[in-house]
Amino acid sequence: MQLRELISEGVEVERAVGDLEVEITALAYDSRRVRPGTLFFCVVGERADGHDFASTAVEAGAAALVVERELSELGGVAQIVVAEARAAMAPLAARLAGDPTRELRVVGVTGTNGKTTTAFLIHEILESAAIQSGLLGTVKQVVGAVETEVERTTPEAIDLQPTFRQMLEGGDRACVMEVSSHALELRRADAIHFEVALFTNLTQDHLDFHGGMEEYFLAKRRLFAELEPGTAVVNVDDPYGQRLAMDFECLTFSAEGEAADYVARDVEFDSTGATFVISGAEGEATVRTALPGHFNVANALGAFVVAVALGLSPHEAAQGLEAASRVPGRFEPIDEGQDFAVLVDYAHTPDSLENVLRAARPLTAGRLISVFGAGGDRDRDKRPKMGRAGTEGSDLAIVTSDNPRSEDPGAIIAEILDGIEGSDGVEVEPDRRAAIARALGAAEPGDTVVIAGKGHEQGQEFEDGRKVPFDDREVAREELIRLAGGYR
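In terms of the numbering used here, the sequence shown opens at residue 13 and continues consecutively.
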């Protein structure tokens, strides 16, 4: 597509200089990904300014630049001057890809906790109803029925739009995607035509990026206020969800019996999951899910409402939920024949840790043992709250390292311990493998061990970006097998 045609819609151009007839075949904001025919975006970030890499991009073959200030030293290369280069990425990416989400039915799921599980459930419901669907999330990416790993929850716009095009070409008719607050704040999700958007909840997380809960909420609110989905689905058990329901026309749901369009009632739990009745405008549907815990009732209810909003019958939605498999690293049982339960979960916020431990308690005949930590280079204020949630919900809490990144693991643990009153039932083991082994070695028949914080993750992050292979699930299996002689 010629540059003149590419910029003719969707982006406000302050001025354009140079040859606008050049052919654009690709987009990039990283000069290392530039090849001949690329339009390079000079994005100004926290750590680097893309304008400083413009000459490198031109040397690599960039056909034109999107800039926030004209760069006179680059000679005749075409430059498109805009107010914000990052904001121009999404509309231009959508236009170059042929605006694929006008054809693809896109569901966006946002919130602090439950995004991954809810997105998985919606995807499984659609697949169960013979609607081939893509999936973009924290755990995996499914494009045209092909699964791949992911680097970030919501990719950059210049990667998203070609992916949507690949979904259409691969036979997908819909896409379910997690939409992170970072993606909303950084305009990655702009230019996506969301048919349905779902809000799960909002609890403390990412305040190192957003600065405060109100800013965090306003970032999430952009999905409903500025991107204008066809249908908004909102959890009104959450106070921030109640705010959204007051501001926008929504389909509301409640797993707590609050007044809502869809309500879960008669909830019953057992060791294999939950059964409950959903009451809504279409009548009642009995739902069975393999996911235990009250928070998963909310996740399943939200997925059900989205499915109905997409045109499925309550019966089809309920069938899809019953057939849905467990989500990797979310309340995932690890069974090597031991006489106590082991669960691995991604819970890495105070609220999610509290919810997971609360869900595990009724399944536990004996003690509840937890292993948890907190991430480095992230919101420090939640660390003592993690300590409080973990120790109040456990009979034995083993505080350990999570992803320390550039921070001293001992300093992070010390901040976690600041939220703990007294030392009874609390142990500290900075080495995560040793902490898991310690918890499993302490477990007795009927106990439950919850290993929280990393879930599906397959590495532990240290200073200078160093990542060491580490999977809580595999480590737990290895330690259980090693201990097998003691309980088999």
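Quick reminder that beta carbons are idealized off the backbone N, C-alpha and C, glycines included.
- Looking at the DSSP output, Pro345 sits in a beta bridge with Leu355.
- From the listed residues Val89, Val411, Val318 and Arg379, the smallest Cα separation to Tyr274 is found for Val318.
- With respect to Gly120, Phe229 sits apart: the two C-beta atoms are not nearer than 8 Å.
- The beta carbon of Gly387 lies closer than 6 Å to those of Asp414 and Asn415 in the same chain, with the five residues before and after it left out.
- Distance from the CA atom of Thr215 to the CA atom of His360, rounded to whole angstroms, is 11 Å.
- Here Gly305 is not near Phe260, since their CB atoms are 8 Å or more apart.
- When the Cα atoms are used, Leu429 and Lys394 turn out to be separated by approximately 12 Å.
- Judged by DSSP secondary structure, Ser382 falls within the beta strand (DSSP E) whose first and last residues are Leu380 to Phe384.
- Of the candidates Ala186, Arg199 and Arg177, the residue whose Cα lies closest to the Cα of Thr166 is Arg199.
- Segment contact: the region 276-289 against the region 242-249, fewer than three CB-CB distances shorter than 8 Å; contact not assigned.
- Counted as a single uninterrupted DSSP element, the alpha helix (DSSP H) harbouring Lys127 occupies residues Lys127 to Ser140.
- For Lys152, the secondary structure class from DSSP, reduced to helix, strand or coil, is coil.
- Met225 and Ile493 have their C-alpha atoms spaced approximately 43 Å apart.
- Here the C-alpha atom of Glu419 lies approximately 18 Å from the C-alpha atom of Asp217.
- Here DSSP, grouped into helix, strand and coil, assigns Thr212 to coil.
- Positions of the beta strand (DSSP E) runs, each at least 3 residues long and wholly inside the region 40-98, are given as 50-53, 76-79 and 90-93 in order along the chain.
- Exposed is the label assigned to His327, since fewer than 16 other Cβ atoms lie within 10 Å of its Cβ.
- Following the DSSP letters along the chain, one finds Ile170 inside the alpha helix (DSSP H) bounded by residues Ala169 to Glu181.
- For Arg117, the uninterrupted beta strand (DSSP E) run begins and ends at Arg117 to Thr122, by DSSP.
- Under the three-state reduction of DSSP, Glu366 is assigned to helix.
- With a beta-carbon spacing of about 7 Å, Ile432 and Arg400 fall inside the 8 Å limit used to define contacts.
- Under the three-state reduction of DSSP output, Leu32 falls in the coil class, being neither helix nor strand.
- Secondary structure in the region 383-451: the beta strand (DSSP E) runs of 3 residues or longer, each lying completely within the stretch, are 408-411 and 438-440 in chain order.
- The continuous stretches of beta strand (DSSP E) do not include Lys232, which lies in the alpha helix (DSSP H) extending over residues Met225 to Ala237.
- Taking 8 Å as the cut-off, the Cβ atoms of Ala209 and Ser145 do not count as close.
- Bounds of the beta strand (DSSP E) holding Leu263 are Leu263 to Ser266.
- In the three-state reduction of the DSSP assignment, Thr298 falls in the strand class.
- Leaving aside the five residues that flank Thr403 on each side, the residues in its chain whose CB is nearer than 6 Å to its CB run, in chain order, Ala409, Ile432 and Val438.
- An exposed status is given to Glu85, since fewer than 16 other beta-carbon atoms sit within 10 Å of its beta-carbon.
- With respect to the C-alpha of His468, the residue from Asp483, Glu197 and Glu456 having the closest C-alpha is Asp483.
- Annotated as distal: Leu116 and Met189, with beta-carbon spacing of 8 Å or more.
- A residue is called buried once 16 or more other Cβ atoms fall within 10 Å of its Cβ, and Val487 is buried on that count.
- For Ile463, the three-state secondary structure derived from DSSP is strand.
- Here Phe316 carries a helix assignment [DSSP, helix/strand/coil].
- Per DSSP, reduced to three states, the secondary structure at Arg485 is helical.
- The continuous beta strand (DSSP E) containing Asp282 extends over residues Tyr274 to Asp282.
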